[in-house]
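Using our numbering, you'd call the opening residue of the sequence shown number 4 and step up by one each time.
Where is the CB? At the ideal position from N, CA and C, for every residue including glycine.
Right, one structure below, let's go through it.
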Amino acid sequence: SHSGTVIHAEFVHPGRDIDRRDKRLKSVSTRASLTMGKGGKLHKGFCSKTYDKCRRINHQIGHIVSKRIVEIAKKFNSSAIVFENLKGWRPKGGKKRSNLRQKFHGWLKSKIRDFTEMKWAELGGRVVEVVAAYTSKLAYDGSGVVKRNSKKYSLATFTSGKRFNADLNGAYNIGARGVFKLVCRNDNEGRSSKRSGRPPRSWVCLCDLWVSGNPKLA
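Next up, the structure:
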């Protein structure tokens, strides 16, 4: 809400479909490493049927997730659905994530965003994009930069020692930036911090909505 109250939180994670996709991608990587290991080159159309299957699964996941996002937005009469601006985005999932999985993960993010906008527009809804910088790095409670667990990258530790889901922390901040963008009259998101001594206005966190009369919302 505009006051920073979180009225609903939900993880939309079609795990079975993601596992099916990743299992196929792993088989592609295994076959590719065996081929390259013998000094050969991957021929044109290498594992094309498997790639096509993975793309179809990605397409299906995109529709499942986007449908649920729109259902939630409709249920709570949301003013808009907020996404990060992922132009030029590069996935960072730790050393264990393969380049192939990264590519498909990136494609999936784009599909979810596009499918959601399409479904939401049919209902007359609005989609808002916000600056992606530091959405996951900054703690939603304003306590500072979080530390990511090297063994469990989805876990974030706040400076207070509090442990929190990194994706949920990022989602809180993304939502807050969306509220800021909707209600702020001055749309200069990229304001420099050099003269003001404050971080850019685009780096809003959830806690900024808790403060009545916050200058960031002026």
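Handout entry: Buried versus exposed call for Lys197 [16 or more other C-beta atoms within 10 Å across all chains shown]
Key = Low local confidence applies: a pLDDT of 46 at Lys197 is under 50, so the model's placement there is unreliable, and no value is given.
Handout entry: Contact check, Lys78 vs Val131, beta carbons under 8 Å
Key = Going by C-beta atoms, Lys78 is not nearer than 8 Å to Val131.
Problem - Which of helix, strand or coil DSSP assigns to Leu37 - result: In this structure, Leu37 counts as helix in the three-state DSSP scheme.
Handout entry: Same chain only: Cβ atoms within 7 Å of Ser4, ignoring 5 sequence neighbours per side
Key = Taken in chain order, the residues that qualify are Ile10.
Exercise for the section: Determine the closest residue to Ala174 out of Lys29, Glu120, Val133 and Arg24, with distance taken between C-alpha atoms. Expected result: Checked all of Lys29, Glu120, Val133 and Arg24; the closest Cα to Ala174 is Val133.
Exercise for the section: Rank Arg24, Lys165, Arg71 and Gln63 by C-alpha distance to the C-alpha of Thr53 and give the top, closest one. Expected result: Minimum Cα-Cα distance from Thr53 among the listed residues Arg24, Lys165, Arg71 and Gln63 corresponds to Arg24.
Practice task
Using the Cα positions of His16 and Val31, report the straight-line distance between them to the nearest angstrom.
Solution key: So the two alpha carbons sit approximately 23 Å from each other.
Exercise for the section: Would you check if the distance between the CB atom of Gly147 and the CB atom of Thr162 is smaller than 8 Å? Expected result: With a cutoff of 8 Å on beta-carbon distance, Gly147 and Thr162 are scored as near each other.
Practice task
Give the straight-line distance between the Cα atoms of Thr8 and Val214, rounded to the nearest whole angstrom.
Solution key: Near 12 Å, if we compare the C-alpha coordinates of Val214 and Thr8.
Problem - Own chain partners of Asn88 with C-beta closer than 7 Å, once the 5 adjacent residues on each side are dropped - result: The residues are Glu132, Val133, Val134 and Ala135.
Practice task
Please name the residue, chosen from Ser36, Gly109, Asn80 and Asp20, that lies closest to Trp123 on a Cα-to-Cα basis.
Solution key: Trp123 has its Cα closest to that of Asn80, out of Ser36, Gly109, Asn80 and Asp20.
Practice task
Buried or exposed for Asp211, please, with buried defined as at least 16 other CB atoms from any protein chain shown within 10 angstroms of its CB.
Solution key: Sixteen is the threshold: when 16 or more other Cβ atoms of the shown chains lie within 10 Å of the Cβ of Asp211, as they do, the residue is buried.
Handout entry: Endpoints, beta strand (DSSP E) assigned at Asn168
Key = In the DSSP assignment, Asn168 falls within the unbroken beta strand (DSSP E) covering Arg166 to Asn168.
Handout entry: DSSP bridge partner residues for Lys106 (one or two, in chain order)
Key = Note: Lys106 sits in no beta bridge, so no partner.
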